[in-house]
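Be aware that the sequence shown starts at 45, since it is given in the working numbering, and climbs by one per residue. The beta-carbon is built from N, C-alpha and C at its ideal position, and this holds for glycine as well.
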Amino acid sequence: MKRRALMENLWAKEKYRVMMHSQGHYNLIRKELKQDIEMEWLETLIGQALEKTPDPGAVINTFQHMWGYFKKVCSEKEKREYMRLKEEYIHNLNRPDDLFSFIRKMANKYKVKYLQNSTILYK
Numbered sequence: 045m046k047r048r049a050l051m052e053n054l055w056a057k058e059k060y061r062v063m064m065h066s067q068g069h070y071n072l073i074r075k076e077l078k079q080d081i082e083m084e085w086l087e088t089l090i091g092q093a094l095e096k097t098p099d100p101g102a103v104i105n106t107f108q109h110m111w112g113y114f115k116k117v118c119s120e121k122e123k124r125e126y127m128r129l130k131e132e133y134i135h136n137l138n139r140p141d142d143l144f145s146f147i148r149k150m151a152n153k154y155k156v157k158y159l160q161n162s163t164i165l166y167k
């Protein structure tokens, strides 16, 4: 696999985890990938992002982005489950793992390969 394809593959896998940990790094990596960067620099930026502790707003933002893959195909019951999990998280009644466990279940049910390959669902 060519270097560029390897970098894009790595970014596809790590994108949502980076988004949850650091929106700043997420934006920087997207900008950097528009240039000709080295794999080591991409890995460094991802590593720096993952050192940051996610804040609740970033967790919800990431959850909502990932939910976007299902909002038009899901059942009403699944939509209610999404809303319930989100509200519970906002009120400190569940953990990020509960949110992403639900997304993993949905990705598997609806066979969304892009999400199935995301490290945030299988850390």
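Residue environment, residue i, which counts as buried when at least 16 other CB atoms sit within 10 Å
i, result
"Y126", "buried"
"R61", "buried"
"K123", "exposed"
"Y70", "buried"
"L159", "buried"
Beta-carbon proximity check, residue i vs residue j, cutoff 8 Å
i, j, result
"A93", "H65", "yes"
"K130", "F144", "no"
"N161", "A49", "no"
"I164", "Y133", "no"
Pairwise C-alpha distance: residue j and residue i
i, j, result
"K75", "K149", "31 Å"
"L86", "H109", "22 Å"
"R128", "A151", "18 Å"
"P100", "L54", "25 Å"
"R139", "E58", "20 Å"
"E84", "R47", "11 Å"
"Y166", "A102", "18 Å"
"G91", "S119", "37 Å"
"E82", "D141", "32 Å"
When the options are compared against residue i, the one with the closest alpha-carbon
i, options, result
"D80", "A102, E52 and I164", "E52"
"K121", "P140, G91 and F146", "F146"
"F114", "Y70, K59 and K157", "K157"
"L89", "I104, W111 and M63", "M63"
"K116", "E82, L159, K96 and Y154", "Y154"
Span of the alpha helix (DSSP H), counted from its first residue to its last, around residue i
i, result
"T88", "M83 to L94"
"G101", "P100 to W111"
"L159", "K157 to Q160"
"H65", "R47 to H65"
Cutoff 8 Å: residue i Cβ touching any chain D Cβ
i, result
"E125", "Checking the listed chains, one finds no chain D in this structure; it contains a single protein chain."
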